[in-house]
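A short write-up of the structure that comes next.
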Amino acid sequence: HPHHTATLASMVGGGIQGRPGEVTLAHGGVLFMDEAPEFQRQVIDALRQPLESRTITINRSQGNYMYPANFICILAANPCPCGYYHDPHRECICSETMVKNYQQRLSGPIMDRIDLHIPVERPTLEQLLDNSTSTMTSESMRQQVMLATALQQKRYENLEFNSNGAVPHKAISELCHITDKAWSVLGNIFDHFHLSGRAFDRILKVARTIADLEGNPQVEPHHISEAMLFRTGK
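Okay, here's the thing in structure tokens:
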């Protein structure tokens, strides 16, 4: 959980000794970056390599250092500098230019590597006081995740990877059991939104995971649609 004043070296590693940074310390866990647009642009963009290759390379005059950096990346951000853009109850004091510049601090290539874009709305008083709205307990969530994990481990048994997120591009169509109708839906989405190849793969992997959480052996059209909704955040 690095502070938004973190330097590039503290994030990816560096120094004379080529010491590992936050992305390596988060290996096997979670890297949570609160107030993400407040980080230096170069610090955010430095996440491109580890989010793609799951490693980080530090180049120094005396040699190159490669460290593991396989982590879950969570970026939290306000919609604008004042935090009230499109808030139904508080007036935003930012200009449209300020809002645009603020949101563009998270570049397209970085956002393309983030699988789930989740808008968080202000809760009502009733929601804060009512504990009965949740239909799933932490224990039931845990059991569901364990089931999905077991399905993935069985599916990729004796392979070099054991999770949907690690499936290489060439193996997706063979291993993820995607129905013809689901392929058709994804094709329409790809053409309409002009997706990158990376986004195409990631939607498939998220859809496969949604299906696993349901215990469904196949990826159906509604899994593709839900994965796309998570990606657009709408």
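Residue numbers (our numbering): 6 to 239. Glycine included, every Cβ here is placed at the ideal spot set by N, Cα and C. Predicted model only: the values in this text are computed from it and were never measured.
Cβ distance (whole Å) where residue i is taken to contact residue j below 8 Å
{"i": "PHE235", "j": "HIS122", "result": "7 Å"}
{"i": "GLU27", "j": "LEU36", "result": "6 Å"}
{"i": "ALA81", "j": "VAL48", "result": "The pair is not a contact, with the Cβ atoms about 15 Å apart (cut-off 8 Å)."}
Between the CA atoms of residue j and residue i - distance to the nearest angstrom
{"i": "CYS97", "j": "LYS159", "result": "50 Å"}
{"i": "HIS199", "j": "LEU111", "result": "20 Å"}
{"i": "PRO7", "j": "PHE44", "result": "10 Å"}
{"i": "ARG95", "j": "THR129", "result": "14 Å"}
{"i": "GLY19", "j": "PRO25", "result": "7 Å"}
{"i": "ALA216", "j": "ARG65", "result": "44 Å"}
Backbone secondary structure at residue i - three-state DSSP
{"i": "GLY19", "result": "strand"}
{"i": "VAL48", "result": "helix"}
{"i": "PHE205", "result": "helix"}
{"i": "PRO55", "result": "helix"}
{"i": "ILE61", "result": "strand"}
{"i": "GLY113", "result": "helix"}
Nearest candidate by alpha-carbon position, reference residue i, set the options
{"i": "VAL150", "options": "GLY23, SER168, MET38", "result": "SER168"}
{"i": "MET261", "options": "GLY33, GLU57, ILE63", "result": "Because the chain here runs from 6 to 239, residue 261 falls outside it and cannot be looked at."}
{"i": "SER189", "options": "PHE166, PRO226, LYS175, LEU180", "result": "PRO226"}
{"i": "MET103", "options": "ASP92, LYS210, CYS85", "result": "CYS85"}
{"i": "ASN193", "options": "MET233, GLY34, GLY23", "result": "MET233"}
{"i": "GLY33", "options": "ARG46, ASN75, ASP39", "result": "ASN75"}
Contact set for residue i: own chain, Cβ-Cβ below 6 Å, skip 5 residues either direction
{"i": "ARG203", "result": "ASP117"}
{"i": "ILE183", "result": "VAL224"}
Heavy atom of the ligand ATP within 8 Å of residue i beta-carbon
{"i": "SER100", "result": "What this structure holds is no ligand at all, so the ligand ATP is not there to describe."}
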